[in-house]
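Residue numbers (this note's numbering): 1312 to 1394. Notes follow the structure.
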C-alpha cells in the first residue's frame, strides 16, 4: 500500500506471450481444419469425375485424393498433439 492507502493495480498486457501463442495455436488448427475440409471436397470431386470420365488413370487419381485427405486429417491430429 502506498501513502494514500489505496492499493495500486498493474494493467494487464493483452499482448502477453501466452495469449499470443494460444491465438496462434487456434489459428493454425482452424486453418488445418479448413484444409482438411478442402481435401475431402477434392475426394468428392475426383469421385464424381471418375464416374463421369472413365479412364485408366481414374483409380490412381482416386487413390491419390484419398491419400491426400488422409494426410490432411493426420496432420490435424499430429499438430493437435504437438501444440
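Yeah, the Cβ is synthetic: ideal placement off N, Cα and C, and Gly gets one too.
Do you know whose CA, among the options, lies nearest residue i's CA?
i: residue 1350; options: 1394, 1371, 1386, 1327; result: 1386
i: residue 1393; options: 1331, 1319, 1363, 1336; result: 1336
i: residue 1391; options: 1367, 1319, 1333, 1329; result: 1333
Where does residue i land, buried or exposed, given buried means 16+ other C-beta within 10 angstroms?
i: residue 1380; result: buried
i: residue 1357; result: buried
On the premise that residue j lies in contact with residue i, defined as a C-beta separation below 8 Å, what is that separation, rounded to the nearest angstrom?
i: residue 1338; j: residue 1384; result: Going by Cβ atoms, the distance from residue 1338 to residue 1384 rounds to 19 Å, so no, they are not a contact pair.
### Query
Contact between the region 1332-1344 and the region 1366-1376: three or more CB pairs below 8 Å?
no
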